[in-house]
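Numbering that gives the first Met the number 0 numbers the first residue of the sequence shown as 0 and each following residue consecutively.
For every residue, glycine included, the Cβ atom is placed at its ideal position computed from N, Cα and C.
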Amino acid sequence: MKNRPSLPKEFEERMRNALGETFGDFVEALQLPSPTSIRINPRKKITTEGEPVAWSKFGKYLTERPVFTLDPVFHAGAYYSQEASSMFLEQAVIQSADLTQPLRVLDLCAAPGGKSTHLLSLLNEKSLLVANEVIQSRASILSENIQKWGHANVVVSNNDPENFSALPGFFDMIVADAPCSGEGLFRKDPEAVKEWSAANVDLCTKRQRRILADVWPALKTNGVLIYCTCTYNESENEENIQWLSEQHSVEPVKLNIPAEWNIETVSHGNIFGYRFYPHKTKGEGFFISVVRKTEHQPEVRAKQKQPLPAPPKKISEQLATWFQANPEFFMLHNRIHAMPAILSADIAYLMRQLKIIHAGTPVASVKHDKLIPEHGAALSVQLNHEAFQKLEVNKETALRYLRKEPIDPGSLPKGFALVVYENLSLGWVNVLDNRLNNLYPKEWRIRMNL
């Protein structure tokens, strides 16, 4: 047990009042190690031992915390290291929406990508996810994690919440994992304890209300808002959703939760919320609430005024052999991207309205009339692996590759090849006459000493 900072006195008093006789159990739980949990990518088959997370069909608890950076399977996007309580998003989604329908979903505060990758595993391929992050450096990390997950029905954007008011009634669902005071992270992050203050709680509350007000017009009539934080206090949680319900016409969505999950159901005014405590559930502090928009919201119609810029037909035909599905190809930032054809009008519309980091799957660039594969293509769940030669590697070689170090091409002929570890593709190499070019993205490489 490591030494942890003392809890702020005012926070202690608030929690003692909220928890009553179980406050001692709460404090004791904060001294215990945080559980380690992962969420499996169902489109990239791996076998993992571990206790299931009750509220997520993809979640597993691990008996000990590995060094994820040194696991090539992690870099292949086969799983995501995610705190278990936050996986409850799955219940909020499946109990509030018809996932057989094509949905437009916004993950408003998406970095580093835990909830976005989870949403991609839940949505059907005719649905569109917009994963947004306002901070540019964090948007780059979000883009990396989205690409590793391997889905094409997604747009990654770098916008302020107020920018989404230009998309009235566009989304069927908005997930707002709002920046908060971080009380639920005290066990995992000692810095969160040091930074806590009542003034910061008030500041966060005001910022969260601005975020909700800014994004509200983008939610269609009968659309669902899922609001969550990693904090305990009422002002950042149920009071914010109660405030929203007083400003607008909403219908609370009550979730069906088995009693044995030990999640606290909150009833506040006319809304419901669900709170996770570390002494009751196997996870960190978390809050979530779901409401349905009942007021009339005029909707924008995404009409494709002009087609997305496309690569030459000959190149598109060549690229089509790279994929199992039949995607549509378009140009963005001098690269060719692939997307489900059914989403082309929506993506074209969003490209006119938002600052797009990437859309669909980055597939290739063209240099001197030659196709150079993009890293995102190697990680795509739709990639036709039979279209490429493969370099099968062991763990030691895989880690060298992920550090962007030279590796032995063996007897591979010249050309591009997939680097494959345990049937999962890690990326590309280019085999030349007397050497091999490691094409792993420089900004993604492992920097840890091995």
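Check: C-alpha gap between F57 and S84, whole angstroms; Outcome: 13 Å
Check: Endpoints, the beta strand (DSSP E) within which V72 is located; Outcome: Not the beta strand (DSSP E): V72 falls in the alpha helix (DSSP H), residues P71 to H74.
Check: Three or more C-beta pairs below 8 Å linking the segment 391-399 and the segment 87-97; Outcome: no
Check: Pairwise C-alpha distance: A91 and L254; Outcome: 7 Å
Check: Reduced DSSP secondary structure (H/G/I, E/B, other) of Q388; Outcome: strand
Check: Contact check, R291 vs E237, beta carbons under 8 Å; Outcome: no
Check: T116 classed as buried or exposed, judged by whether at least 16 other C-beta atoms fall within 10 angstroms; Outcome: buried
Check: Span of the alpha helix (DSSP H), counted from its first residue to its last, around N239; Outcome: E237 to Q246
Check: Reduced DSSP category for E50 - H, G, I as helix; E, B as strand; rest coil; Outcome: strand
Check: Counted within 10 angstroms of its Cβ, other Cβ atoms place Q146 as buried (16 or more) or exposed; Outcome: buried
Check: Collapsed DSSP secondary structure at T194 in the structure displayed; Outcome: Before going on, a small fix: residue 194 reads as Glu here, not Thr. E194: helix per DSSP, three-state reduction.
Check: Given P34 as reference, the closest of N448, Y276, G414 and E298 once Cα atoms are compared; Outcome: Y276
Check: Runs of alpha helix (DSSP H) lying entirely within the segment 301-389, each at least 4 residues, in chain order; Outcome: 312-319, 343-352 and 374-378
Check: Cα-Cα separation, T320 to V153; Outcome: 22 Å
Check: Cβ neighbour criterion (16 or more within 10 Å) applied to S5; Outcome: exposed
Check: Cβ of N269 within 8 Å of any chain B Cβ; Outcome: Looking at the structure shown, chain B is missing, and only one protein chain is on hand.
Check: Proximal residues to P308 (C-beta, below 7 Å), its chain only, five neighbours per side dropped; Outcome: F329 and M330
Check: Three or more C-beta pairs below 8 Å linking the segment 338-357 and the segment 405-423; Outcome: no
Check: Where C227 falls: helix, strand or coil (DSSP); Outcome: strand
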